[in-house]
Structures are given as structure tokens and as C-alpha cells.
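Going left to right, the sequence shown walks through residues 394 to 686 as my numbering numbers them. The C-beta atom is built at its ideal place from N, Cα and C for all residues, glycine as well. All values derive from a computational prediction rather than experimental measurement. To start, the structure under review is shown below, and the notes come after it.
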Amino acid sequence: MYSSIAANKRNTVLIMVLFVVIIAGLGWVFSAVYRSTGIFWGALIGGGVYALVQYFLAARIALAVNGATEVTKRDCPRLYNTVENIAMTDGMPMPKVYIIDDPAPNAFATGRDPEHAYVAATTGLLEIMDKSELEGVIAHEMGHVKNYDIRVMMIVFGLVSAIGLIADMFFRMMWFRGDDEEGGGQSPVVMVVGMVAALLAPFVAMLVQMSVSRQREYLADATGALTTRHPEGLASALEKLQNYSTVMQRQNTSTAHLFFANPLRGGAIANWFSTHPPLDERIARLRGMEGKM
394 MYSSIAANKR NTVLIMVLFV VIIAGLGWVF SAVYRSTGIF WGALIGGGVY ALVQYFLAAR
454 IALAVNGATE VTKRDCPRLY NTVENIAMTD GMPMPKVYII DDPAPNAFAT GRDPEHAYVA
514 ATTGLLEIMD KSELEGVIAH EMGHVKNYDI RVMMIVFGLV SAIGLIADMF FRMMWFRGDD
574 EEGGGQSPVV MVVGMVAALL APFVAMLVQM SVSRQREYLA DATGALTTRH PEGLASALEK
634 LQNYSTVMQR QNTSTAHLFF ANPLRGGAIA NWFSTHPPLD ERIARLRGME GKM
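Printed below as a string of C-alpha cells:
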């Protein structure tokens with residue numbers, strides 16, 4: 394597992410480079426369309442600034458859009474004490490604890506790093522999980538914090554948003570452009586390439602986000618099981634989710650990848666593009682860890 398953590402950190406750099414390449418590629422295509430190198434540098438710098446702003450604000454936004462409310466030990470002792478115990482076991486700073494008034498059993502962690510981390514759980518999760526299952530879920534979320542997944546996903550969230558914003562802006566510019574003189578006399582071929590790039594770039598970014606999130610869910614499961622020394626607790630929690638709907642009342646696709654289980658509605662096709670791996674696969678991996686710890 395330690396080798397997986399190291400590989401995850403190395404892959405983080407590659408992921409960031411890939412997103413920068415996508416943004417730079419979009420800027421290059423549209424600079425060719427409008428014959429202006431300023432567009433390329435504007436897209437690269439503007440996209441970077443936008444992603445940076447998102448990086449610092451995304452955690453608070455994620456908590457707000459999902460209706461999370463901060464709690465103290467007095468407000469919700471069971472959840473607070475569980476988070477506190479897992480943090481002490483991992484030798485990590487105590488994150489701020491939030492609760493979401495929602496019957497769907499779910500949870501998520503967010504923030505920039507262990508010193509600026511937040512852990513949130515729904516009222517539905519607290520209602521159906523026993524002690525070892527709740528510890529498994531919280532250890533999983535703290536695993537995201539420990540492995541710096543929260544930082545990666547905040548950066549990815551910001552970059553995906555930036556790519557979508559840039560693509561949408563340039564697509565609208567091409568769609569509503571004036572005649573050839575106003576538009577700079579673009580070649581039809583270049584225009585088609587630009588439109589294809591504007592359509593495909595957000596889709597490619599979404600696929601990268603999905604791949605990153607799925608692999609980190611598996612790693613957080615393993616990290617959580619290592620923390621509690623009881624993989625069955627987390628496996629049992631995941632198994633219990635198969636009998637309950639994890640669909641949240643507040644639907645937000647931009648923060649779905651942060652959750653313990655998929656919080657969105659969707660059928661079979663939607664599941665193909667889910668940021669979460671199938672529950673059966675996660676349970677099987679955890680059960681396979683029994684006796685190896």
C-alpha cells in the first residue's frame with residue numbers, strides 16, 4: 394500500500410501536467426482560429442488563475458452547496474469523537490467536523506491539506522452505521538486527507554472547471570462570430586477543429602477526473618482499513634450501502650467525486666461515467682485484505 398501512495402503522489406504531477414496541456418492546447422487552437430497569440434497566453438494564464446482561486450475556495454464551496462453545518466463535540470459527540478479518534482490514531486491534525494441533514498448515508502472529506510481539512514457526514518450515515526462501520530467510513534475519509542487526495546481533487550476540480558469555462562467561452566465566440574472580416578477570415582477547417590476541441594476538451598477532462606477519483610477511492614479504502622486494522626468494518630459499511638440509496642437530496646455533479654459513495658441519480662450508462670468504482674469491487678478488495686494485516 395505504501396508503494397501505491399508513492400505512486401499516487403508521482404501520478405499527481407503527471408495529472409497536473411496533463412490538465413495544463415489540455416488548457417494550453419485549447420488556447421493554441423483558438424489562437425489559430427482568431428490568429429492571435431494573445432488568446433493562447435490569455436487561456437493559459439487565465440485558466441491557471443481561475444484554477445488557483447478555485448483551489449482556495451472550493452472546499453468552502455463544497456461544504457456550502459451540500460448544506461453542511463459545522464458541529465462541535467457537544468453538538469454531535471458520536472461523529473466528533475470518531476473523527477477525533479481516527480485523527481489521533483493517524484497522528485494527524487483534527488479536521489473541522491460537519492454534518493449534513495440528509496437521510497442518504499454518505500460522507501466526504503475536503504480541504505487543501507491535513508492542516509486545512511474538513512470531514513462531513515450525513516445524518517443518514519449516523520443512523521444506519523454501527524461503531525465499527527462508522528469508524529471504517531471515517532477512516533476512509535481521513536485516508537483521503539492522509540494521502541493528500543483532498544488537495545489533488547481540489548486542484549483537479551479547479552482545472553476541470555477552468556477547461557469547461559474556456560471551452561464554453563470560445564465555443565460561444567465561434568458560434569456568434571460575425572462575418573469573415575470580423576472573425577479574422579478563419580479557414581473552415583480551422584473553425585471545425587476549434588469547435589471539435591471546444592466540445593471534446595471538457596469530456597476528456599471529465600474522463601481524467603473519473604479515473605483519478607476511482608483509483609483514489611480504492612487507495613482510501615486500503616488506508617482506512619490499515620488505520621482501523623479491521624477491513625471488515627469498512628466492508629460491512631459498503632455492503633450496507635447496497636441496501637440503501639446514497640442519492641443525496643441536493644444534487645451537485647461538481648462535488649460528487651468527493652463523496653464516500655455516488656450521491657447522484659443515474660442508470661447504467663451514468664454508472665459507466667461515475668467517479669466511484671462499483672461497491673462490489675471495493676468490498677471484494679477489502680475482504681481480500683483480511684488476514685494480511
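7 Å Cβ cutoff met for residue i and residue j
i	j	result
P496	I521	no
I531	V476	yes
A613	H509	no
A480	F653	no
R680	A615	no
G517	G626	no
K539	D483	yes
Residue i (DSSP reduced to helix, strand or coil)
i	result
K466	coil
G504	strand
T482	helix
T639	coil
F653	coil
G491	Note that residue 491 is Tyr in the sequence shown here, rather than Gly. Note: Y491 maps to strand in three-state DSSP.
A594	helix
Y473	helix
A425	helix
A497	coil
Y511	strand
F666	Because the pLDDT of F666 is 47, which lies under 50, any placement of that residue in the model is unreliable, and the question is left without a value.
Alpha-carbon to alpha-carbon, residue j and residue i
i	j	result
L592	A560	7 Å
N645	A452	14 Å
Y511	S429	43 Å
V426	E674	46 Å
V410	I416	10 Å
D542	Q642	25 Å
N474	M535	14 Å
N478	A502	16 Å
F563	V549	21 Å
L450	A444	10 Å
T515	G460	10 Å
L558	L657	23 Å
F596	A630	32 Å
M588	Q608	31 Å
V458	A513	13 Å
M487	A594	38 Å
V414	R467	48 Å
R565	L407	30 Å
L600	G418	17 Å
Cut-off 7 Å between Cβ atoms - residues of its own chain near residue i, not counting five sequence neighbours on either side
i	result
I432	G420, F423, S424
T462	Y491, I492
N688	Outside the displayed range of the chain (394 to 686) lies residue 688, so it cannot be described from this structure.
H533	A613, D614, G617, L627, F653
A455	T503, T648, L651
I676	A628, L631, E632
Beta-carbon proximity list for residue i, same chain, < 6 Å, skipping 5 on both sides
i	result
F412	L552
C469	I492
R544	R505, D506
S554	Q447
M485	P507
E574	Confidence is the limiting factor: at E574 the pLDDT is only 46, short of 50, which leaves the residue's position unreliable, though a coordinate-based value still follows. Result list for E574: empty, nothing under 6 Å.
M547	Y448, A451
I662	In this predicted model, I662 has a pLDDT of only 41, less than 50, meaning its place in the structure is not dependable; the value taken from the coordinates is given anyway. Correct list: empty, nothing qualifies.
Beta-carbon contacts of residue i that lie in its chain and below 8 Å, excluding the five residues immediately before and after
i	result
R471	L519, L527
M682	A615, A618, P624
G435	G420
G678	One point to set straight first is that residue 678 is Arg, not Gly, in the sequence displayed. Within the same chain, R678 has close Cβ partners Y611, D614, A615.
L672	L631, E632, L634, Q635, A654
V464	L472, Y473, V490, Y491, I492
Heavy atom of the ligand GTP within 6 Å of residue i beta-carbon
i	result
L437	Absence of the ligand GTP is noted for the structure shown, with no ligands found whatsoever.
I'd like to know if the segment 616-623 and the segment 631-642 are in contact, where contact means that at least 3 CB-CB pairs between them fall below 8 Å. Because the criterion of three Cβ pairs below 8 Å is not met, the segment 616-623 and the segment 631-642 do not touch.
Spell out a yes or no on whether the segment 487-496 and the segment 435-444 are touching, meaning 3 or more CB-CB pairs, one atom from each, closer than 8 Å. Output reads no: the segment 435-444 does not touch the segment 487-496.
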